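Each remark here refers to the structure printed beneath this line.
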Amino acid sequence: MSRARVPNVLQTTEGPVTAERYRLLVESVTDYAIYMLDPQGTVISWNPGARRFKGYEDHEIIGQSFSRFYTEEDRAAGLPERALRMAAEEGRFEKEGWRVRKDGTRFWAHVVIDPILNPATGRVLGYAKVTRDLTERRQADEALRRSEEKFRVLVQGVTDYAIYMLDADGIVTNWNLGAERIKGYAPDEIIGQHFSLFYTPEDRERGEPQKALQAAIDNGSLEKEGWRVRKNGEIFWASVVIDPIHDDAGEVIGFAKVTRDLTERRKVQAELDAAREALFQSQKIEALGQLTGGVAHDFNNLLTAVMGSLELVRRQISDDRQLGLIDNAIKGASRGISLTQRMLSFARKQELELQPVAVDVLVAEMGDLLQRSLGPLIRIETDFPADLAMAAADPNQLETAVLNLAVNARDAMPEGGVLRVGARNESIAPGHRSGLLDGDYIRLSVADTGSGMDAKTLAQATEPFFTTKGVGKGTGLGLSMVHGMAEQLGGRLALDSRLGKGTTVEIWLPAAGSAAAAEPVQLPVEPKAEVELTARPLTVLAVDDDALVLMNTTALLEDLGHRVIEASSAREALALLEGDDAVDLLITDHAMPQMTGAQLIAEVGQRWPKLPVILATGYADLPAGAGVGVLRLNKPFWQADLEKAVAAAMVRRATAAAA
Numbered sequence: 262m263s264r265a266r267v268p269n270v271l272q273t274t275e276g277p278v279t280a281e282r283y284r285l286l287v288e289s290v291t292d293y294a295i296y297m298l299d300p301q302g303t304v305i306s307w308n309p310g311a312r313r314f315k316g317y318e319d320h321e322i323i324g325q326s327f328s329r330f331y332t333e334e335d336r337a338a339g340l341p342e343r344a345l346r347m348a349a350e351e352g353r354f355e356k357e358g359w360r361v362r363k364d365g366t367r368f369w370a371h372v373v374i375d376p377i378l379n380p381a382t383g384r385v386l387g388y389a390k391v392t393r394d395l396t397e398r399r400q401a402d403e404a405l406r407r408s409e410e411k412f413r414v415l416v417q418g419v420t421d422y423a424i425y426m427l428d429a430d431g432i433v434t435n436w437n438l439g440a441e442r443i444k445g446y447a448p449d450e451i452i453g454q455h456f457s458l459f460y461t462p463e464d465r466e467r468g469e470p471q472k473a474l475q476a477a478i479d480n481g482s483l484e485k486e487g488w489r490v491r492k493n494g495e496i497f498w499a500s501v502v503i504d505p506i507h508d509d510a511g512e513v514i515g516f517a518k519v520t521r522d523l524t525e526r527r528k529v530q531a532e533l534d535a536a537r538e539a540l541f542q543s544q545k546i547e548a549l550g551q552l553t554g555g556v557a558h559d560f561n562n563l564l565t566a567v568m569g570s571l572e573l574v575r576r577q578i579s580d581d582r583q584l585g586l587i588d589n590a591i592k593g594a595s596r597g598i599s600l601t602q603r604m605l606s607f608a609r610k611q612e613l614e615l616q617p618v619a620v621d622v623l624v625a626e627m628g629d630l631l632q633r634s635l636g637p638l639i640r641i642e643t644d645f646p647a648d649l650a651m652a653a654a655d656p657n658q659l660e661t662a663v664l665n666l667a668v669n670a671r672d673a674m675p676e677g678g679v680l681r682v683g684a685r686n687e688s689i690a691p692g693h694r695s696g697l698l699d700g701d702y703i704r705l706s707v708a709d710t711g712s713g714m715d716a717k718t719l720a721q722a723t724e725p726f727f728t729t730k731g732v733g734k735g736t737g738l739g740l741s742m743v744h745g746m747a748e749q750l751g752g753r754l755a756l757d758s759r760l761g762k763g764t765t766v767e768i769w770l771p772a773a774g775s776a777a778a779a780e781p782v783q784l785p786v787e788p789k790a791e792v793e794l795t796a797r798p799l800t801v802l803a804v805d806d807d808a809l810v811l812m813n814t815t816a817l818l819e820d821l822g823h824r825v826i827e828a829s830s831a832r833e834a835l836a837l838l839e840g841d842d843a844v845d846l847l848i849t850d851h852a853m854p855q856m857t858g859a860q861l862i863a864e865v866g867q868r869w870p871k872l873p874v875i876l877a878t879g880y881a882d883l884p885a886g887a888g889v890g891v892l893r894l895n896k897p898f899w900q901a902d903l904e905k906a907v908a909a910a911m912v913r914r915a916t917a918a919a920a
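Below you can see the structure in the form of structure tokens.
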């Protein structure tokens, strides 16, 4: 058996190495199988490294063909012979592949075969073969490959997120299904393109794509939300995360980018915010209404005392100058009455007389009044369909509301413009954005081409006493009154305005056919024209917890010639009635502590059913059933109003007795 010729001396940096020392060097290597083959591939030497991971002892393998290290498939394919031939022809053979140990197990090997040549003839004397066991590395590489493949499949299968890579310049290098679904581009349409395509033109002009990449580099990551653009030009609200990718040297070689479409979530959040804001505004307006209603009620009591006293004093004055002062005070009180009515209307405590109203006819009949109020610089346009349904409303209050809106529009168009008044039939389904109950409505709109309002002004427009007009030019109760009227009728007031674009005010009113739930408020009953007012002095029991109002009512009644018994509470009134059967009439306030006027009336109705009663109050929202069939006297009242109410009560008593 021939052996490969080993040089007698090897030259190294430390001097010559003898053949013996070379042999010792090879014999000490255990991580590599280093052995020699003769020209036919027979093993002629064997080192400890070969013994360690191939499993053969020297005597078991020396003299055997090296082909036994190959798998049966490789031997059948002639791979061992081909390896030697390539080493001889090309001067070297290097390859990785499966090899077989003595026990039959396989391992992944890195193989290098070098031919050993005769220096004189160039004939192949044998081969030097070095094999390294790379099984663990291959297993690690394979595990990494499988992990990467699983990750790739996972990323490709994600459809809710756009997950893709960019190179260092922002060029798209890969593309998953989520990116295709969200952004609309197929992989062949976008790979190789710059990711700035996904930004709006405005953002591109501001350099936002480049700023995003730089921010990701500077901060280690970028997370941001903003508008992005799909392939079809549609914009969507996106959550974007950009992470820089570094090489081993720390240089940025690209970016990983994740985008999520949050358009629906943003829409839901906007709707939730709008609902919260609407609830907040509703609660604020409700609180303001409660406050305003209470103030108006107290103010009504004060005006009742002021008006009655002024009336009585005026009759005793003959001096013209003093009469002028008193008349001026009476005018001031009258303006106060108008103010309290508006406050009560905002607080939804104003008395309304519901009836079917043809809105188009009402506006047409107001035509001359509106034009005189607006002046020649403003043109009025109307738009009413022929099939417009009738609204359930108080015609007087609705007319006042339209006039208020028209005057507001006039003030917003000092240089002139157009006022458009129109109406439409509307059907509301459950869950409508307006918050109205489902049913049929009339949507009355009053629109101008004036200066409009900004968002802050628009948010405050319906609050009482808020006005954009100069000092002394407005009370700030016009829109508040319209708002209160619409709410009290079961409708809504809607405002839409932008600076320089004008204002549109919509009053939603229940259609007459769908307003059955709205109960008309009982109004004072006027005496019939042919019945004369009673001239007989009466004994009247007056009940009010406000001393000023009680004194005023007493003075007015006594001035009319009646005898008055005063009571400052309902309990006191009942005690007086039990001790005096000569009372002809009961006049009572409603809002009193411990026992209200309505409760007093109910008690009197059971115990003294023939005693006529007048309920004097400024409130319209009495408890259900309270005051039904009872004469109402609205506060504040003049003496003439009181006189008519007394006469009506006595006429009703006489009619009941005759029956």
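FYI, in our numbering the residues of the sequence shown are 262 to 920.
C-beta: ideal position from N, C-alpha, C; glycine also.
The structure displayed is predicted, hence computed values, not measured ones.
Close Cβ partners of Lys-345 (< 6 Å) along its chain, the five nearest in sequence each way excluded: Note that residue 345 is Leu in the sequence shown, not Lys. Counting only Cβ-Cβ distances below 6 Å, and skipping sequence neighbours, we find Gly-302.
With 16 other Cβ atoms within 10 Å as the buried cut-off, status of Ile-578: exposed
Selection from Leu-892, Ile-432, Leu-438 that minimises the alpha carbon distance to Phe-459: Ile-432
Euclidean distance between Cα positions of Thr-520 and Ala-476: 16 Å
Glu-793 versus Leu-799 - alpha carbon distance: Residue placement at Glu-793 is poorly supported in this model, since its pLDDT is 45, which falls under 50; the coordinates are not used for a value here.
Local conformation of Ala-690 per DSSP, three classes: coil
Residue range of the beta strand (DSSP E) that includes Thr-765: 763-771
Any 3 or more C-beta pairs closer than 8 Å across the stretch 849-859 and the stretch 797-817: yes
Proximity of Val-907 and Val-891 at Cβ, strictly below 7 Å: no
Three-state secondary structure assigned by DSSP to Phe-497: strand
Endpoints, the beta strand (DSSP E) within which Glu-642 is located: 639-644
Beta bridge counterpart(s) of Ala-828 as assigned by DSSP: Val-804
Lys-871 versus Arg-914 - alpha carbon distance: 7 Å
Beta-carbon proximity of Leu-573 to Asp-902, cut-off 7 Å: no
Between the CA atoms of Phe-456 and Leu-483 - distance to the nearest angstrom: 15 Å
Burial state of Asp-299 (16 or more Cβ within 10 Å): buried
Strand pairing of Leu-427, partner residues [DSSP]: Val-433, Phe-516
Residue of Thr-461, Asp-430, Asp-428 minimising C-alpha distance to Lys-444: Thr-461
Stretch pair the stretch 619-629 + the stretch 660-678: three plus CB contacts closer than 8 Å: yes
Lys-492 vs Tyr-446 beta-carbon contact at 7 Å: yes
According to DSSP, residues forming a beta bridge with Gly-387: Ile-377
Three-state secondary structure (DSSP) of Val-624: helix
Cβ-based neighbour list, Lys-356, same chain, cut-off 6 Å, excluding 5 preceding and 5 following: Val-372
Sequence-distant residues of its chain with Cβ nearer than 6 Å to Arg-685 (five each side left out): Arg-704
Span separating the alpha-carbon of Ala-773 from that of Ser-706: 18 Å
Per DSSP, the bridge partner or partners of Leu-754: Ile-768
Contact check, Ala-831 vs Met-856, beta carbons under 7 Å: yes
Helix, strand or coil at Gln-867 according to DSSP, with G and I counted as helix: helix
Nearest-angstrom Cα separation, counted from Pro-656 out to Pro-637: 27 Å
Whole-angstrom C-beta distance between Gly-515 and Ala-499, which should lie under 8 Å: Contact doesn't hold; Cβ gap of about 20 Å is too wide.
Test item: CB-CB of Ile-689 and Leu-697 under 7 Å: yes
Per-residue DSSP class, three states only, for Arg-609: With a pLDDT of only 47 at Arg-609, under the threshold of 50, the placement of this residue in the model should not be trusted; the figure read from the coordinates follows. Looking at Arg-609 - three-state DSSP - the assignment turns out to be coil, as it is neither helix nor strand.
Inter-stretch contact (C-beta, 8 Å, three-pair minimum) for the stretch 522-540 and the stretch 461-470: no
Backbone CA spacing between Gln-860 and Leu-894 [nearest angstrom]: 17 Å
Residues bridged to Lys-492 (per DSSP): Answer is none; Lys-492 lacks a bridge partner.
Classification of Val-732 by the beta-carbon crowding that lies within 10 angstroms, buried from 16 upward: Its pLDDT being 39, under 50, Val-732 is placed unreliably by the model, and the measurement read from it follows with that caveat. Under this definition Val-732 is an exposed residue.
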